[in-house]
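Residue numbers (our numbering): 1379 to 1802.
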């Protein structure tokens, strides 16, 4: 009976060595930018109580998220879930560990896997890796700008062209309810023209109607009330200041009154980063302000703003634009050997090269030197360090340039220095 063949689950993927250079390229740049902007890394558990992710959400959003959660009951009866997003867990940690007592703002970032049982599509998987950045304790719209600027520079420095922002302000608990009333009144006057999906949205979460993909509803949006026209004085000033900062730094943007984002905790600023060269799939990432989120998990009143950046989405976009990542280090030297004593000398040489920071590898097994040379060539090694009986008698290694075929004998205790000199 043949053994079963196992496959990845639907919506999950392996990252193979051929794709790893893209991931290293993106993650190294993300870490570099986080350091440059003064953000500290935080890691939270992949598993959290389910109620952490569902607290404070409007009915419609909670139902959708609940269906997408990977949830189960623990042995002690606790309902737990794989995290679908980072921000809630980071806010929980912020409160649990008294981080609100630290000097403000508290600037944090996290990188890791998130899980949602949603329909897989290009660049979207049921497990995806996210670079998440949070700035807590500051209401200044310049804080919104800093988060946006970090995301913008990540894409620019990775080589993306035509990067810009879509922005909107969805108001605050003071001005949003009156705006939603006007929005509901408008759509109820056209309710016979709405598809069933948007009729349901209108009842449970009216703002989500703005995010529709239904043609009939899209035709009605041109005359629908806009949140930016119904902001209170403070929200209007905040949004105006943010636009002024974007203009001052020559960061292109467009006010998009349909932009509302997917979580109910957002207030005031919401944004997405777009890249025009990606066509219909031009939305790269998004974020916004969430001034009431810390309170919703039991903490003190704390303003906050953040962004979530999907790594798979970036990798897919890099490939679509033909952007090549830097090649990962290949073994610059492969130590070849013939005989037990030569193999021991090759082991010591490999160890010395690695200790000096030179990528090196050992030819395993006891194959012929011809076969080992083929392996060195396939591995992309620049030099082969050959140690056989003749070399042992002389106390040398034969260094072969794998590109030119030239060979030179170098004393074993001088090989490291010779290689370093050749590599510059």
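Where is the CB? At the ideal position from N, CA and C, for every residue including glycine. A quick note: this is a predicted structure, and the numbers were derived from the prediction, not measured.
Helix, strand or coil at residue 1648 [DSSP, three-state]: For the purposes of this step, residue 1648 is identified with residue 270 of the chain shown, where counting begins at 1. Three-state DSSP puts residue 1648 in a strand.
Taking the C-alpha atoms as reference points, what is the distance between residue 1679 and residue 1517? Position 301 of the chain shown holds residue 1679. Position 139 of the chain shown holds residue 1517. Their Cα atoms are separated by approximately 11 angstroms.
On the DSSP bridge list, what partners appear for residue 1502? Stepping through the chain shown from its first residue, residue 1502 is reached at position 124. For residue 1502, which the question treats as bridged, DSSP gives the partners 1499.
According to DSSP, simplified to helix, strand and coil, what is residue 1703? Here residue 1703 is taken as the residue at index 325 of the chain shown, counted from 1. The answer is coil: DSSP assigns residue 1703 none of H, G, I, E or B.
Measure the CB-CB distance between residue 1525 and residue 1685 and report whether it falls below 8 angstroms. Within the chain shown, the letter at position 147 stands for residue 1525. Within the chain shown, the letter at position 307 stands for residue 1685. In this structure, residue 1685 lies closer than 8 angstroms to residue 1525 by Cβ.
How many Å lie between residue 1801 and residue 1737 at the Cα? Working through the chain shown from its first residue, we reach residue 1801 at position 423. Working through the chain shown from its first residue, we reach residue 1737 at position 359. Approximately 11 angstroms between the Cα atoms of the pair.
Which of the three DSSP states, helix, strand or coil, is assigned to residue 1842? It is not possible to answer for residue 1842, since the shown part of the chain is limited to 1379 through 1802.
Reduced DSSP secondary structure (H/G/I, E/B, other) of residue 1429: Translated into positions along the chain shown, residue 1429 becomes position 51. Residue 1429 falls in the helix class under three-state DSSP.
Looking only at its chain, what residues have a beta carbon closer than 6 angstroms to the beta carbon of residue 1437, apart from the 5 residues adjacent to it on each side? Counting from 1 along the chain shown, the entry for residue 1437 is found at position 59. For residue 1437, the predicted structure reports a pLDDT of 49, less than 50, and the residue's modelled location is therefore unreliable. The matter cannot be settled from this model.
Along the chain, where does the alpha helix (DSSP H) that runs through residue 1794 open and close? Translated into the one-based positions of the chain shown, residue 1794 becomes position 416. From DSSP, the alpha helix (DSSP H) with residue 1794 extends over 1793-1801.
For the structure I just gave you, are there three or more beta carbon pairs, one from the region 1539-1553 and one from the region 1569-1579, closer than 8 angstroms? no
So what's residue 1691 in DSSP terms, helix, strand or just coil? Taking the first residue of the chain shown as 1, we reach residue 1691 at position 313. If DSSP states are grouped into helix, strand and coil, residue 1691 belongs with the helices.
Residues in its own chain within less than 6 angstroms of residue 1792 by CB, not counting five upstream and five downstream? Within the chain shown, numbered from 1, the residue matching residue 1792 stands at position 414. Cβ neighbours of residue 1792 beyond the five flanking positions: none.
Which residues mark the beginning and the end of the alpha helix (DSSP H) in which residue 1526 is found? Mapped onto the chain shown, residue 1526 falls at position 148. That run of the alpha helix (DSSP H) goes 1519-1536.
Which of the three DSSP states, helix, strand or coil, is assigned to residue 1474? For the purposes of this step, residue 1474 is taken as residue 96 along the chain shown, with counting starting at 1. The answer is helix: DSSP assigns residue 1474 an H, G or I state.
Cβ-Cβ distance between residue 1765 and residue 1754 below 8 angstroms: Taking the first residue of the chain shown as position 1, residue 1765 is located at position 387. Taking the first residue of the chain shown as position 1, residue 1754 is located at position 376. Going by C-beta atoms, residue 1765 is not nearer than 8 angstroms to residue 1754.
What residue does the alpha helix (DSSP H) around residue 1621 start on, and which one ends it? Working through the chain shown from its first residue, we reach residue 1621 at position 243. 1611-1626 is the span of the alpha helix (DSSP H), which, as asked, contains residue 1621.
Span separating the alpha-carbon of residue 1596 from that of residue 1606: In the chain shown, residue 1596 corresponds to position 218, counting from 1. In the chain shown, residue 1606 corresponds to position 228, counting from 1. Roughly 19 angstroms separates the two Cα atoms.
Nearest-angstrom Cα distance between residue 1653 and residue 1714? As a working note, residue 1653 is residue 275 in the chain shown. As a working note, residue 1714 is residue 336 in the chain shown. Answer to the nearest angstrom: the Cα atoms are 49 angstroms apart.
Segment limits, beta strand (DSSP E) that includes residue 1667: For this step, residue 1667 is matched to residue 289 along the chain shown. That run of the beta strand (DSSP E) goes 1661-1667.
Thinking C-alpha only, which one of 1772, 1683, 1566 and 1478 is nearest residue 1720? Counting from 1 along the chain shown, the entry for residue 1720 is found at position 342. Here the closest residue by C-alpha is 1772.
Using the three-state DSSP reduction, which class does residue 1441 fall into: helix, strand or coil? Here the question's residue 1441 lines up with position 63 in the chain shown. For residue 1441, the predicted model reports a pLDDT of 46, less than 50, meaning its position is unreliable; a value from the coordinates is still stated below. If DSSP states are grouped into helix, strand and coil, residue 1441 belongs with the helices.
Taking the CB atoms as reference points, tell me whether residue 1476 and residue 1691 lie closer together than 8 angstroms. Here residue 1476 refers to the residue found at position 98 when the chain shown is read from its first residue. Here residue 1691 refers to the residue found at position 313 when the chain shown is read from its first residue. It is not a contact, given that the beta carbons lie outside the stated cut-off.
Just to confirm before moving on: does the CB-CB distance between residue 1523 and residue 1411 stay below 8 angstroms? One-based indexing of the chain shown puts residue 1523 at position 145. One-based indexing of the chain shown puts residue 1411 at position 33. No.
Could you tell me whether the region 1456-1474 touches the region 1496-1512, using the rule of 3 or more Cβ pairs below 8 angstroms? yes
Going straight from the alpha carbon of residue 1604 to that of residue 1665, what length do you get? One-based indexing of the chain shown puts residue 1604 at position 226. One-based indexing of the chain shown puts residue 1665 at position 287. Whole-angstrom Cα-Cα distance: 20 angstroms.
Give me the residue from 1712, 1726 and 1711 with the minimum Cα distance to residue 1718. On the chain shown, position 340 is the one that residue 1718 refers to. Looking at the Cα atoms, 1726 is the closest of the given residues.
Determine the direct distance from the alpha carbon of residue 1708 to that of residue 1759, and round the result to whole angstroms. The residue given as residue 1759 occupies position 381 in the chain shown. The residue given as residue 1708 occupies position 330 in the chain shown. The alpha-carbon atoms of residue 1759 and residue 1708 are separated by roughly 7 angstroms.
Residue range of the alpha helix (DSSP H) that includes residue 1754: The sequence position of residue 1754 within the chain shown is 376, counting from 1. Start and end: 1747-1756.
Buried or exposed: which applies to residue 1671, given that a residue is buried once 16 or more other Cβ atoms fall within 10 Å of its Cβ? As a working mapping, residue 1671 is identified with position 293 in the chain shown. Residue 1671 should be labelled buried.
If residue 1399 sits next to residue 1705, beta carbons under 8 angstroms apart, how far is it from one beta carbon to the other, in whole angstroms? Taking the chain shown and counting its residues from 1, one reaches residue 1399 at position 21. Taking the chain shown and counting its residues from 1, one reaches residue 1705 at position 327. Sure, about 6 angstroms apart at Cβ, within 8 angstroms.
Pairing CB atoms from the region 1628-1648 with CB atoms from the region 1528-1547, are three or more of them under 8 angstroms? yes
Output needed for residue 1428: all residues of its chain with C-beta closer than 7 angstroms, excluding positions within five of it in sequence on either side, in chain order. Taking the chain shown and counting its residues from 1, the one referred to as residue 1428 is at position 50. Excluding residues within five positions, the ones whose Cβ falls inside 7 angstroms are 1447, 1449, 1457, 1458 and 1459.
Pull up the distance between the alpha-carbon of residue 1676 and that of residue 1469, whole angstroms please. By one-based count along the chain shown, residue 1676 stands at place 298. By one-based count along the chain shown, residue 1469 stands at place 91. Those two C-alpha atoms are separated by around 9 angstroms.
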